[in-house]
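In the numbering used here, the protein residues as written are 1408 to 1633.
We treat Cβ as the ideally placed atom computed from N, Cα and C, and that holds for glycine.
The structure appears below as structure tokens.
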């Protein structure tokens, strides 16, 4: 016959297991809402709500699998918001809102990198944001370096080299990165424009004209050299 104390212990452990499972699932409703909203999110406000719901779900408690999913969803949503903000900044004139938006995006990226320290695209986006007016060229260069350590595909590496080239005030120091970008991705139009601009800035006028002519054969309507 089972000892009374042992039956009591089994009963107590059963209650504890049920209570633990209940606590672990307390955040599931918020995670389900976050998942549904993420699938149809269109605005920054929608993404903010997804972030808040994920954070709430994690705080309330989830089982191991749901917790991992919530953390992945949170990181992906933060990256998406940072990307949206970067695009908005890059396609608008400098304003008072720039720094506040950039701080929000950089904070998102820092959180993403806490979750996945090897996420190359997060480093690259961070570098892009920091090369914009009022940013920090030195920190941008560090972020671009981290991206280059982790990127494998030639086009991705080319983009990182172009971002890093913008961290140098001296045009001559930017040349190696732009040249490397062209080696990695010869059809990269931004690299072509930047190379022509650098040749012009370093008074290699004939070469600059030749590069612009070569580019204009590809893109007749684009006369801009950035």
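Count the other CB atoms within 10 Å of the CB of residue i; is the residue buried (16 or more) or exposed (fewer)?
i            : result
residue 1500 : exposed
residue 1450 : exposed
residue 1548 : buried
residue 1568 : buried
residue 1503 : exposed
residue 1521 : exposed
residue 1571 : buried
residue 1592 : buried
residue 1437 : buried
residue 1443 : exposed
residue 1596 : exposed
residue 1560 : exposed
Apart from the five residues on each side of it in sequence, which residues of its chain come closer than 8 Å, Cβ to Cβ, to residue i?
i            : result
residue 1602 : 1585, 1586, 1589, 1618
Please work out which residues of its chain come closer than 7 Å, Cβ to Cβ, to residue i, disregarding the five sequence neighbours upstream and downstream, and give them in chain order.
i            : result
residue 1429 : Interpretation of residue 1429 is limited by its pLDDT of 44, a score under 50 that renders its predicted location unreliable; the figure taken from the coordinates is listed afterwards. Within the same chain, residue 1429 has no close Cβ partners at all.
residue 1605 : 1578, 1581, 1582, 1585
residue 1616 : none
residue 1511 : 1492
residue 1496 : 1505, 1508, 1509, 1539
Keeping to the same chain, check which residues put their C-beta closer than 6 Å to that of residue i; ignore five residues upstream and five downstream.
i            : result
residue 1537 : 1543, 1546, 1547
residue 1573 : 1538
residue 1562 : 1592
Would you report the Cα separation of residue i and residue j, rounded to the nearest angstrom?
i            : j            : result
residue 1469 : residue 1486 : 23 Å
residue 1517 : residue 1484 : 13 Å
residue 1448 : residue 1455 : 10 Å
residue 1575 : residue 1464 : 44 Å
residue 1599 : residue 1539 : 20 Å
residue 1461 : residue 1475 : 11 Å
residue 1457 : residue 1609 : 49 Å
residue 1614 : residue 1552 : 29 Å
So the candidates are the options; which of them puts its Cα closest to the Cα of residue i?
i            : options                : result
residue 1550 : 1597, 1563, 1534, 1560 : 1534
residue 1459 : 1480, 1607, 1493       : 1480
residue 1493 : 1484, 1508, 1477, 1482 : 1508
residue 1466 : 1489, 1435, 1447       : 1435
residue 1432 : 1530, 1540, 1511, 1471 : 1471
residue 1452 : 1488, 1442, 1446       : 1488
residue 1477 : 1565, 1530, 1440       : 1440
So, does the region 1516-1529 touch the region 1547-1564, judging by three or more C-beta pairs under 8 Å? yes
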